[in-house]
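Notes for the one structure printed next.
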Amino acid sequence: MKDNELFWIFSGLFGFLAVATVIGLILKQIKGNTSVISNLNARIRAWWLMCIIAAVAISIGPVGSVVLFAFMSLLALRELITLTPTHRADHGALFWCFFIILPVQYVLVGVQWYNLLAVFIPVYAFLFIPTRMVLSGDTRHFLERMAKIQWSVMIAVYCLSYAPALLVLPIPGFTDNINLLLFLMIVVQISDVLQYVFGKLFGKHPIVPKLSPNKTVEGFIGGILSASCVGMALWWATPFSPWAAFLLSVM
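In terms of the working numbering, the sequence shown opens at residue 8 and continues consecutively.
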């Protein structure tokens, strides 16, 4: 990526967050620290952290980025497992998740072994984890315990590993892979914020009332379409055509 393109993309990202931060502080002063405003400010702080991590990942190169995201996966997996009640009999399987499965997944990303990294966790790890749990001899609530561990690994390790995989993905005729990571971050960031805004302004029909009453159909559609238009406008930073960038943003 050319330095001036990188400068303008990051300027737009941090400028957007700076404006959002100021708006959040003003709303807090005017209306007090209500649950809605507190939630908004928490989202903004989370995106500040993610943008800073992206800047660090760019500065240290692809190998350093893989190590950085591996460390983030470790923290995320630890947090998920901490929130998920486990048995003493699960410790053996958890050891493999933290110290074998997680490092192997990121090594596969680093060496660009795409065919294996795509199936290593959802196929091989998902078969190994219940096998290791059975060997502990404790089968109480087995399916429940197995599902919690498997999907913690899927979310915190497998899904997150695809971010640094974008940096080392070989694309014929395209070498600015960092653009793909920034494109992903910008579209997701704007979608998250605009879904929240559209939901508060126009939301009347909750998507799943019992699970997440604040998520509305109006907010979902408005946020997705708006973010997709932004993604379409950023097609020049990707190897995709405008309509392809739009469809990828929708997905």
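From the three backbone atoms N, C-alpha and C, an ideal C-beta is built for every residue, glycine too.
Just so you know, these numbers come straight off a predicted model, no measurement behind them.
What residue from the options has the CA that sits closest to residue i's CA?
i: L75; options: G180, V114, T182; result: V114
i: I162; options: N184, R85, Y203, V116; result: R85
i: P129; options: F102, L150, W158; result: W158
i: V289; options: I60, Y131, N46; result: Residue 289 lies beyond the range of the chain shown here (8 to 258); nothing can be said about it.
i: F133; options: G117, R152, V116, G19; result: R152
i: M4; options: L109, W55, G31; result: What is shown of the chain runs 8 to 258, which leaves residue 4 out entirely.
i: T182; options: N122, H212, P171, P246; result: P246
i: F78; options: N184, I60, L20; result: I60
i: L101; options: F135, G71, G68, F14; result: F135
i: I67; options: T91, I185, I30; result: I185
i: A49; options: I30, K155, F14; result: I30
i: L2; options: L241, A251, V257; result: Lying before the first or after the last residue shown, residue 2 is absent from the chain, which here runs from 8 to 258.
i: P177; options: Y131, P110, K217, Y121; result: Y121
i: L232; options: A62, S256, L124, Q36; result: S256
i: F127; options: Y169, L87, T93; result: Y169
Answer yes or no: do residue i and residue j have a C-beta to C-beta separation smaller than 7 Å?
i: G238; j: V194; result: yes
i: V175; j: Q119; result: yes
i: L189; j: I44; result: no
i: S198; j: A234; result: yes
i: L167; j: S80; result: yes
i: K222; j: I214; result: yes
i: Q202; j: F227; result: yes
i: P179; j: V116; result: no
i: L82; j: C58; result: no
i: V70; j: C104; result: no
i: F205; j: E225; result: yes
i: I51; j: T28; result: yes
For residue i, which beta-bridge partners are listed by DSSP?
i: P213; result: T223
i: I178; result: F181
Chain B beta carbons: is any one of them nearer than 7 Å to that of residue i?
i: L124; result: Here chain B cannot be found, since the structure has a single protein chain.
Write down the C-beta distance between residue i and residue j rounded to the nearest angstrom, noting that I regard them as a contact closer than 8 Å.
i: I108; j: V73; result: Rounded, the Cβ-Cβ distance is 16 Å, inconsistent with contact.
i: L173; j: L150; result: At roughly 34 Å, the Cβ-Cβ gap does not stay under 8 Å, so L173 and L150 are not in contact.
i: T89; j: K155; result: Contact doesn't hold; Cβ gap of about 12 Å is too wide.
(message) Closer than 8 Å is the cut-off here; do at least three beta carbon pairs connect the stretch 87–97 with the stretch 127–143?
(response) As far as the Cβ criterion goes, the stretch 87–97 touches the stretch 127–143, which means the pair count is three or higher.
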